[in-house]
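For what it's worth, this note's numbering labels the leading residue of the sequence shown as 1, then goes sequentially. No residue lacks a Cβ here, since even glycine has one placed at the ideal position from N, Cα and C. Data block below; observations after.
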Amino acid sequence: MTNTQQFAQTFESQTKALIDNIKKVCANYGLGNDGNEFKVITQVFLYKFLNDKYVFEIKKIDKKLADADNWEDVFKTYTDKEIAKLNMRLKPSIARISPDHFITSLFNKQDKPNYAEIFDKTLTDIAIDNSDIFSVLTEGGEKIVLFENLSKYVTDDRDKFCKAIVNKLTDFSFENIFNEKFDFYATIFEYLIKDYNTNSGGKYAEYFTPHAVSKIMARCLVPQETVGAVNNATCYDPSAGSGSLLMNLAHQIGEDKCTIYSQDISQKSSGLLRLNLILNDLVHSIHNIIKGNTILEPYHKQDSGELEKFDYIVSNPPFKLDFSDFSADLDTKENHERFFAGIPKVPAKKKESMAIYLMFLQHIMHSLKENGKAAIVVPTGFITAQSGIDKKIRQKLVDEKMLAGVVSMPSNIFANTGTNVSILFIDKANKGDVVLVDASNLGETVKEGKNQKTVLTKDEENQIINTFNNKEVVDDFSVVVSYDDLKAKNYSLSAGQYFEIKIEYVDITHDEFTAKLNEFEVNLLSYFEESKRLESNIKNQLSGVKYAQ
1 MTNTQQFAQT
11 FESQTKALID
21 NIKKVCANYG
31 LGNDGNEFKV
41 ITQVFLYKFL
51 NDKYVFEIKK
61 IDKKLADADN
71 WEDVFKTYTD
81 KEIAKLNMRL
91 KPSIARISPD
101 HFITSLFNKQ
111 DKPNYAEIFD
121 KTLTDIAIDN
131 SDIFSVLTEG
141 GEKIVLFENL
151 SKYVTDDRDK
161 FCKAIVNKLT
171 DFSFENIFNE
181 KFDFYATIFE
191 YLIKDYNTNS
201 GGKYAEYFTP
211 HAVSKIMARC
221 LVPQETVGAV
231 NNATCYDPSA
241 GSGSLLMNLA
251 HQIGEDKCTI
261 YSQDISQKSS
271 GLLRLNLILN
281 DLVHSIHNII
291 KGNTILEPYH
301 KQDSGELEKF
311 DYIVSNPPFK
321 LDFSDFSADL
331 DTKENHERFF
341 AGIPKVPAKK
351 KESMAIYLMF
361 LQHIMHSLKE
371 NGKAAIVVPT
381 GFITAQSGID
391 KKIRQKLVDE
401 KMLAGVVSMP
411 SNIFANTGTN
421 VSILFIDKAN
431 KGDVVLVDAS
441 NLGETVKEGK
451 NQKTVLTKDE
461 ENQIINTFNN
471 KEVVDDFSVV
481 VSYDDLKAKN
491 YSLSAGQYFE
501 IKIEYVDITH
511 DEFTAKLNEF
521 EVNLLSYFEE
531 SKRLESNIKN
541 QLSGVKYAQ
């Protein structure tokens, strides 16, 4: 292990320890397993991150601060005008933190009365001061700012609770890890939200797409040899959740070469996505995060009022969601083109068994630019369904030559659902062959909580990515087919239906052939004799059957 790797590993451990320590404080004050715990954890973590990031950046542009034994003592001598000039030199993506709002300033105020109010006001003032850059919008235009009053979630000893939180924030600084890259922050983010991003979240639960799936989607959409050639790309997820798909895609393209757009019905997931963007140097895209109902009220539109078109779209849409409350509102003239294959009917019973993903899939196809690409997680049943909306969507993909391929994933690649999934790749510029990959036999089964989960090795991930991108034919794993082949197979996108049936031939001598033939003749004669005996027995038994009076 190199010194750099050891350094990163040390700070990863320290960062996780900070998260654990904040969780312990929450548990000690009655917030353990409380529905509001994740708000405290994520917002306090973000406050610490932004505080240290501001310090890191002002030291980069002010040598006097960087060289000082105690930079804060020097900073205290600066006038408001000097601080304002310093702030003007910072990138817009850096949150402005006033000296009175530093963690050290909060730490030094612990002897003051009503400390919880001081704590809350510090965070809300930072949120207000930075609302133009860091706020998430609702579809109605309302701003959801960075921070809220956190002490309100504790019923007793609020001052002590806030002091305990602040004391945990002074143990170490993030300053030494701001040069780390995506993989570091992806690991930290997963650790930060692991208890709050599960299917226990109720009706609009956010599902964290496994890193292997996110990686495969990103690297098949943007092959390694094209990295660096993509510029000013627009990347969209209409059901973004906490944003793991978008983060992997942005990292593959280059965070400075793309702009993120998203919409999600959950305020919780929009907040988590904002945190993810901040960690991964994508602050410039925060104003494109929208909390809202993509299917009913898609937010991102052109000046003409038509839906915005994007270069890349990634999505792991919900498979089960009751939209009976607004399904009737979707049948409008404006939506006929978007939902070209139809709107699924809502059954009277088991409303959450609806194929809501079919709505998202049609929305995605409608939202792609002329040469746009997309990767969508779908139930594997979609790729072979012989009728209905599923079939109509596949027909359009094939007939209009806008399909890149399909990768069928192993069972239980998602620990929280038993549904088998495939990744559907759309490429409106692909007028040639299509690659179908059956990766269902890959991976190793591991236990995750009460559930079984299949985990792919790095080699298996690369096997899928390379096979897909190179359009390789591998026995019992992948095929390359034409659009005409797909039509001939009734638009099936299952690789298995195109695999060759192989008959093994064994060379034998003339004597071996004669011996085999004699053996077959002997066996046949015995079978014939047995058949005659059975025939005779059956006739005798039938002749003895009498009608009972």
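Going by DSSP, what residues sit across from D438 in a beta bridge? S408
Among T467, I61, Q110 and V346, whose alpha-carbon lies nearest the alpha-carbon of L90? I61
With DSSP run on the structure shown, which of helix, strand or coil describes N540? helix
Between which two residues does the alpha helix (DSSP H) holding E461 run? K458 to N470
By the DSSP assignment, the alpha helix (DSSP H) with I216 in it spans what residues? H211 to L221
How many Å lie between L556 and N51 at the Cα? Given that the chain is displayed from residue 1 to residue 549, the structure contains no residue 556 and the question cannot be resolved.
Just how far apart, CA to CA, sit Q6 and K453? 29 Å
DSSP three-state label for Y312, please. strand
Can you tell me where the beta strand (DSSP E) with G372 in it begins and where it stops? L368 to P379
Under DSSP, the alpha helix (DSSP H) around A488 begins and ends at which residues? Y483 to A488
Spatial neighbours of N28 within its chain, please: C-beta separation below 8 Å, excluding the five flanking residues on both sides. A164
Nearest-angstrom Cα separation, counted from L169 out to V74: 22 Å
From this set, V55, V455 and V166, which residue's C-alpha is nearest N70's C-alpha? V55
Give me, in chain order, the residues of the same chain whose beta-carbon lies closer than 8 Å to that of E57; leave out the 5 immediate sequence neighbours on both sides. L90, K91 and I94
Do you know offhand how far Y204's Cα is from Q267's? Residue placement at Y204 is flagged as unreliable, the pLDDT there being 36, under the threshold of 50; the coordinate-derived value follows with that caveat. The straight-line gap from Cα to Cα measures roughly 10 Å.
Beta-carbon contacts of D129 that lie in its chain and below 7 Å, excluding the five residues immediately before and after: R96
Same chain, Cβ closer than 8 Å to F134, neighbours up to 5 away in sequence not counted: A95, A127, V145, L146, R274, I278, V283 and I286
Going by Cα to Cα distance, which pick from N288, K63, F414 and L493 is closest to D132? N288
Contact check, N176 vs A218 under 8 Å by CB: the rounded distance? Not really, about 28 Å apart at Cβ, beyond 8 Å.
Determine the extent of the beta strand (DSSP E) in which T454 is found, giving its start and end residues. N451 to V455
Quick one: is R158 buried, meaning 16 or more other Cβ sit within 10 Å of its Cβ, or exposed? buried
If you pair each beta-carbon of the region 321 to 331 with each one of the region 377 to 387, do three or more pairs fall below 8 Å? no
Are the CB atoms of V407 and I426 within a distance shorter than 8 Å? no
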